[in-house]
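Enquirer: Chains as they are written, first to last, in the working numbering: chain W, 477 to 1045; chain A, 135 to 318.
Idealized CB from N, CA, C, for every residue including glycine.
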Amino acid sequence: MNLNIKADKAQTYDAIVVGSGMTGGWAAKELTEKGLKVLVLERGYELKHVEDYKTAMKDPWEFEHRGKIPIVAAEEHYATMYFSAKEGSQYLYSNDKENPYIQKRPFNWIRAYHTGGKSLLWGKHTYRWNREDFLANAKQGLGVDWPIRYDDLIPWYNYVEKFVGISGQAEGLAVLPDSNFLPPMAMTAPEIHLKKSVAQKLNRPITIGRVAHLTKPQPWHTAVGRASCQFRNRCSRGCPFGAYFSSLAATIPAARQTNRLTIVHNAIVKEIILDDKAQKAKGVRVIDQNTLEVREFYAKLIFLNAGTIGSTSILMNSKSARFPNGLGNDSDQLGRNLMDHHLAIGARADIEGFEDDYFFGARPGSLYIPRFRNWGNDKRDYLRGFGYQGGASRADWSRGATETGFGADFKKKMTQPGPWKINLSGFGEVLPNPNNRFYLSEDQKDKWGLPQIVFDADFGENERAMRKDIMNDGAEMLEAAGFKNVVPYDNPVAHMGLGIHEMGTARMGKDPKTSVLNKFNQVHACKNVFVTDGSAMTSASNVNPSLTYMALTARAASYAVEQLKARSL
Amino acid sequence: MNRREAVTHVAWILGGVFSAPTLQAMNRWEQIGSQATALRQSGSFLTETQHEIMARVAELIIPRTDTPGAIDAGVPDFMEVMLRDCYRKPAQDTFLAGVGALEQKGFLKLSADQQTALLKQVEAEAQKTSDSSFWLITKELTLLGYYTSEVGVKASFDYQPIPGRFEAIKIKPGQKDFMYGNQA
């Protein structure tokens, strides 16, 4: 008996954070900095910043397949094969065969099971949501109203932006509120021409992409060991300079500096353990991914930051007499309103001229064209909007494959910069829809005995109607700049999951009858459990979501510690 | 459980939603499985003659000039690795049919001019179709193999593994393309 009590005590922390990625890192940083002893549980293996970025410094010829993925490996990583993984970055993506899931309708579930999670894979485009994003559901009677407004997040956006380090240009646009910026990255000559043409002819602003790369590191960046961007654009292999923001390079080192952080790896959280009498969580039950050993950890406070599908599925798996359908699922909203951004659509063109213009360095970012549809006086026959990312660059030697010719002259020509090309790729908002969902399989389990996820979601009429404009408007802007051979495109491969912006499934809301989380990301019916990753999102906006997850996490952590101190949790 | 069983099992879990290309890949694994010994013994995808033909074709595409050529850069062996590992059976078959056609025409016995003329014909034929052709595969692999090899990169480009900055600049006369090695 005594032994058990001692063992329990050794496994007891002030707070448990599930997941070490984008939001888990923030929860760990905020909670440790506020004095709590924090345990981070990571389901994957330990990946060490810098030393485990094993491909980061490799030259092209050191890759056996020169960047291409062998077919056998591709079949093991099928979810990522559309665009994300290359030979140098594949090791950061999880193996789909070992981590199977079920697609009732097509869904690519792209995962990164190691320290840092998907914060090592993200595109790093970083935008604030605007005022309307938090009002749209209420105005249009869709989903539920957000329990917070833009003003609630302003101080938290300010707070996280400074620590993250975002390069960008202030524009004063209501549709795309400015952040606290480090110096912007440069535009190329044809990009500046596009910006001017589109402003003059179509009255649409274009800005340089706002990306989480250090263009001028500040003391608080260097204090955790981060350095300036080297413009290699090899980010997808992991950045040994810590120049792009990841939890591994930034928030976890900050948490570690407090000496109050413990990270346990290979720990798959099976369920949250409920204290039936107190109606509160008292800890989590964990399966070791290698040994299958089951352990328990205890804490007064639990933050779920396992990624949208991960966090929600843990709630679903946490069944008890009080919560027979999953912890906090009184509303039957767990797993519903699964959202993503829809992409793989836009326009591209050839650019004549600008032969004397070139650029030095590989820019890890692009242009950004903020939403202009259904904004101001513009009214469309669909709801919400979309933005574009893209840019112009000069074709390299690979153009030779589709050009006529071979031999000595051809060989020499391929060593010269090729003609300019441009691409604008649209990112569209997906509406919340309770029938877009995932649930737990009743009979299919993974090798850890946990039910497999069944995805049942697709784009709807609104998204399909929006796609026509994404193509046409992209083409229109390229034509406004006088570019040639403008080709609008819609890649039929587009479906849910490819955006890697999974959102919803444990939404925030004012009413416990229709939502899972309250305005502080607290489970309505179990106050010491917070969910602050993409699960919490009530709608999807059309801009990249990570910054908003981070702001929500820092805000929730601050509130949670206040409540702990006031003994209200 | 062998590989095909494993894949079939996953396909079944996924509700039979595997695509045609995946199924083709599974057939290819089966084939490799049955030929495993032979493949390992020869260590190659092509016969010796076919390998020689491809070496010659690659060298005609990227010849040795004042800088190294395709053979210097190891392109022929690279092509074999790529065809074996990164191409599905239909593309492999297309490729093998193309090499076979050159073999039948006694490609290696032709003069350099005749070889060039024949490849120009092959190229012209390939341009009539939008499908992947022997010529497109060969040219893609030759360019990839050469312009990402150590000798190819160093001889052809201004290689900048750590540029340190990004800026718009004006081009200089005869300027070589910058290469950043970020394609992998």
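Can you check whether the CB of phenylalanine 862(W) is closer than 7 Å to the CB of glycine 904(W)?
Expert: For the purposes of this step, residue 904(W) is taken as residue 428 along the first sequence, with counting starting at 1. For the purposes of this step, residue 862(W) is taken as residue 386 along the first sequence, with counting starting at 1. A contact, by the Cβ cut-off of 7 Å.
Enquirer: Using a cut-off of 8 Å between C-beta atoms, extract the partners of valine 215(A) located in chain W.
Expert: The count along the second sequence starts at 1 and reaches residue 215(A) at position 81. Under the 8 Å cutoff, chain W gives Glu540, His541.
Enquirer: With a threshold of 8 Å on Cβ separation, who are the neighbours of glycine 857(W) within its own chain once the five nearest residues in sequence on each side are excluded?
Expert: What you label residue 857(W) is simply residue 381 of the first sequence in a count that begins at 1. As written in the sequence, residue 857(W) is aspartate, which differs from the glycine given in the question. Cβ within range, chain order: Ala941.
Enquirer: Relative to the C-alpha of lysine 594(W), which candidate in Ala675(W), Phe610(W), Leu618(W), Leu568(W) has its C-alpha closest?
Expert: The residue labelled residue 594(W) in the question sits at position 118 within the first sequence. Cα-wise, what sits closest to lysine 594(W) is Leu568(W).
Enquirer: Mark asparagine 801(W) as exposed unless 16 or more other C-beta atoms lie within 10 angstroms of its C-beta, in which case mark it buried.
Expert: Here residue 801(W) corresponds to residue number 325 of the first sequence, with the count starting at 1. Counting Cβ neighbours within 10 Å, asparagine 801(W) comes out exposed, since fewer than 16 surround it.
Enquirer: Output, in sequence order along the chain, the residues in the stretch 855–876 of chain W whose CB is closer than 7 Å to any CB in chain A.
Expert: Of all residues in the stretch 855–876 of chain W, Asp872, Trp873, Ser874, Gly876 have a Cβ within less than 7 Å of some Cβ in chain A.
Enquirer: What does cysteine 1002(W) pair with, by DSSP beta-bridge criteria?
Expert: Mapped onto the first sequence, residue 1002(W) falls at position 526. For cysteine 1002(W), which the question treats as bridged, DSSP gives the partners Val999(W).
Enquirer: Under 7 Å between beta-carbons, which chain W residues line up against glutamate 257(A)? List them in chain order, please.
Expert: Counting from 1 along the second sequence, the entry for residue 257(A) is found at position 123. Correct list: Thr880.
Enquirer: Secondary structure at glutamine 765(W), three-state DSSP: helix, strand or coil?
Expert: Working through the first sequence from its first residue, we reach residue 765(W) at position 289. Glutamine 765(W) falls in the coil class under three-state DSSP.
Enquirer: At a cut-off of 6 Å, is lysine 671(W) close to the ligand FAD when judged by its beta-carbon and the heavy atoms of the ligand?
Expert: Ligands in the displayed structure: none, and consequently the ligand FAD is not present.
Enquirer: Taking the alpha-carbon of valine 287(A) as reference, which of Gln255(A), Ser266(A), Met188(A), Tyr314(A) has the nearest alpha-carbon?
Expert: For the purposes of this step, residue 287(A) is identified with residue 153 of the second sequence, where counting begins at 1. With distances taken between Cα atoms, valine 287(A) lies closest to Tyr314(A).
Enquirer: Grab the span of the alpha helix (DSSP H) containing asparagine 948(W) for me, first residue to last.
Expert: Sequence index remark: in the first sequence, residue 948(W) carries index 472 (1-based). Residues 937–956.
Enquirer: For a minimum of 4 consecutive residues, which ranges assigned as the alpha helix (DSSP H) are wholly contained in the stretch 730–763 of chain W?
Expert: None, since the stretch 730–763 of chain W contains no complete alpha helix (DSSP H) of that length.
Enquirer: Just to confirm the assignment, what range does the beta strand (DSSP E) spanning threonine 488(W) have?
Expert: As a working note, residue 488(W) is residue 12 in the first sequence. Per DSSP, threonine 488(W) belongs to the beta strand (DSSP E) from 488–494.
Enquirer: With a 10 Å radius around its C-beta and 16 neighbouring C-beta atoms as the bar for buried, classify glutamate 527(W) as buried or exposed.
Expert: For the purposes of this step, residue 527(W) is taken as residue 51 along the first sequence, with counting starting at 1. Classification for glutamate 527(W): exposed.
Enquirer: Taking Cβ-Cβ distances shorter than 7 Å, what residues in chain C pair up with proline 536(W)?
Expert: Looking for chain C here will not work: the only protein chains present are W and A.
Enquirer: Is the stretch 893–909 of chain W close to the stretch 804–823 of chain W, with three or more CB pairs under 8 Å?
Expert: The stretch 893–909 of chain W, when compared against the stretch 804–823 of chain W, does touch it at the 8 Å Cβ threshold.
Enquirer: Tell me the DSSP secondary structure of histidine 817(W) in three-state form.
Expert: Within the first sequence, the letter at position 341 stands for residue 817(W). Coil.
Enquirer: I'd like to confirm the pairing. Which residues does DSSP put opposite lysine 897(W) in its beta bridges?
Expert: Translated into positions along the first sequence, residue 897(W) becomes position 421. DSSP output for lysine 897(W) lists Asp826(W), Ser869(W) as bridge partner(s).
Enquirer: Below 8 Å on the Cβ atoms is my contact criterion, and I expect leucine 512(W) with aspartate 490(W) to pass it. Report the Cβ-Cβ distance as a whole number of Å.
Expert: Taking the first sequence and counting its residues from 1, one reaches residue 512(W) at position 36. Taking the first sequence and counting its residues from 1, one reaches residue 490(W) at position 14. Leucine 512(W) to aspartate 490(W), Cβ: 4 Å. Contact.
Enquirer: Taking beta-carbon pairs under 8 Å, can you tell me which members of the stretch 824–850 of chain W lie near chain A?
Expert: Taking 8 Å as the Cβ-Cβ cut-off against chain A, the residues of the stretch 824–850 of chain W that qualify are Glu831, Asp832, Asp833, Tyr834, Phe835, Phe836, Gly837, Ala838, Arg839.
Enquirer: Do you know whose CA, among Lys944(W), Asp949(W), Gly958(W), lies nearest aspartate 966(W)'s CA?
Expert: Here the question's residue 966(W) lines up with position 490 in the first sequence. Among Lys944(W), Asp949(W), Gly958(W), the Cα nearest to that of aspartate 966(W) is on Lys944(W).
Enquirer: Taking only beta-carbon atoms, is aspartate 265(A) less than 7 Å away from chain W?
Expert: Here residue 265(A) refers to the residue found at position 131 of the second sequence. No, aspartate 265(A) does not count as interfacial toward chain W.
Enquirer: Please report how far the alpha carbon of threonine 508(W) lies from the alpha carbon of alanine 1027(W), in whole angstroms.
Expert: The residue labelled residue 508(W) in the question sits at position 32 within the first sequence. The residue labelled residue 1027(W) in the question sits at position 551 within the first sequence. If you take the alpha carbons of threonine 508(W) and alanine 1027(W), they lie about 17 Å apart.
Enquirer: Are the stretch 836–853 of chain W and the stretch 990–1009 of chain W touching, with three or more C-beta to C-beta distances below 8 Å?
Expert: Judged by Cβ distances under 8 Å, the stretch 836–853 of chain W makes no contact with the stretch 990–1009 of chain W, as fewer than three pairs qualify.
Enquirer: Which residues of chain W have a Cβ atom closer than 9 Å to the Cβ of lysine 239(A), listed in chain order?
Expert: As a working mapping, residue 239(A) is identified with position 105 in the second sequence. Simply none; closest approach about 18 Å.
Enquirer: Does any residue of chain A bring its CB to less than 7 Å from the CB of glycine 564(W)?
Expert: Locating residue 564(W) in the first sequence gives position 88, where the first residue counts as 1. Interface residue, yes.
Enquirer: Does the beta-carbon distance from histidine 541(W) to cysteine 220(A) come in below 7 Å?
Expert: Translated into the one-based positions of the first sequence, residue 541(W) becomes position 65. Translated into the one-based positions of the second sequence, residue 220(A) becomes position 86. Result yes, Cβ atoms of histidine 541(W) and cysteine 220(A) sit closer than 7 Å.
Enquirer: For proline 968(W), which residues in chain A fall below 9 Å Cβ to Cβ?
Expert: For the purposes of this step, residue 968(W) is taken as the residue at position 492 of the first sequence. Going along chain A, no residue has its Cβ under 9 Å from proline 968(W), so there is no contact; the nearest lies around 12 Å.
Enquirer: For alanine 797(W), is the classification buried or exposed, using 16 other Cβ atoms within 10 angstroms of its Cβ as the cut-off for buried?
Expert: By 1-based counting over the first sequence, the position of residue 797(W) is 321. Label assigned to alanine 797(W): exposed.
Enquirer: Determine, using beta carbons only, whether arginine 127(A) comes closer than 7 Å to chain W.
Expert: Only positions 135 to 318 of chain A appear in the structure, and residue 127(A) is not among them; the question remains open.
Enquirer: Is lysine 776(W) buried or exposed, if buried means 16 or more other CB atoms sit within 10 Å of its CB?
Expert: The sequence position of residue 776(W) within the first sequence is 300, counting from 1. It counts as buried.
Enquirer: Return helix, strand or coil for arginine 771(W), following the three-state DSSP convention.
Expert: For this step, residue 771(W) is matched to residue 295 along the first sequence. It is a strand residue.
Enquirer: By DSSP, does alanine 719(W) sit in helix, in strand, or in coil?
Expert: One-based indexing of the first sequence puts residue 719(W) at position 243. Of the three classes helix, strand and coil, the one that applies to alanine 719(W) here is coil, per DSSP.
Enquirer: Hey, alanine 192(A) and threonine 276(A) are a contact pair by Cβ (cut 8 Å); roughly how many whole angstroms apart?
Expert: Numbered from 1 along the second sequence, position 58 holds the residue referred to as residue 192(A). Numbered from 1 along the second sequence, position 142 holds the residue referred to as residue 276(A). Correct: roughly 5 Å between the Cβ atoms.
Enquirer: What are the boundary residues of the beta strand (DSSP E) that includes isoleucine 929(W)?
Expert: Walking along the first sequence from the start, residue 929(W) turns up at place 453. Per DSSP, isoleucine 929(W) belongs to the beta strand (DSSP E) from 927–932.
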